[in-house]
Amino acid sequence: LVKRSLQVKPQIASVGSCCLVGAISNEVLYVANLGDSRAVLGRKANQDKRKSVIAERLSTDHNVKVEEVRKEVEALHPDDSQIVMFARGCWRIKGIIQVLATIWLPF
């Protein structure tokens, strides 16, 4: 099905979905992410009487715009000089997508 669909609509090669899950157990917050869905915790700023909120990042992006992620992908595919390419103004895997992990990644 995927091979036939790719022949008819090649743009589906860049379709995928990222995921973010959070769960609380025994008063502990657990967060898992896939791709570049980001978990952020908002909390009140105690010192400020203006009721402002501080945003605290809880996850890391799995995206080749992050140099560390690019190097990891290149190390996993040493025989593929085009596994990570700068295309259309940003770093992309195979020149197509930026995220390293999605629910469906066709390569």
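Just so we're aligned, residue 1 is where the sequence shown starts under UniProt numbering, counting upward by one.
By construction, the Cβ of each residue, glycine as well, lies at the ideal position given by its N, Cα and C atoms.
Close beta carbons around Arg-92, own chain, < 7 Å, minus the five adjacent residues each side: Val-64, Met-85 and Gln-98
Gly-35 beta carbon less than 8 Å from that of Leu-29: No, they are not a contact pair.
Backbone secondary structure at Glu-72 - three-state DSSP: helix
Separation of Ser-59 from Gln-47, as counted between CA atoms: Spanning the two alpha carbons is a distance of roughly 25 Å.
N- and C-terminal bounds of the beta strand (DSSP E) containing Asn-26: In this chain, Asn-26 is not harboured by any beta strand (DSSP E), its DSSP state being neither H nor E.
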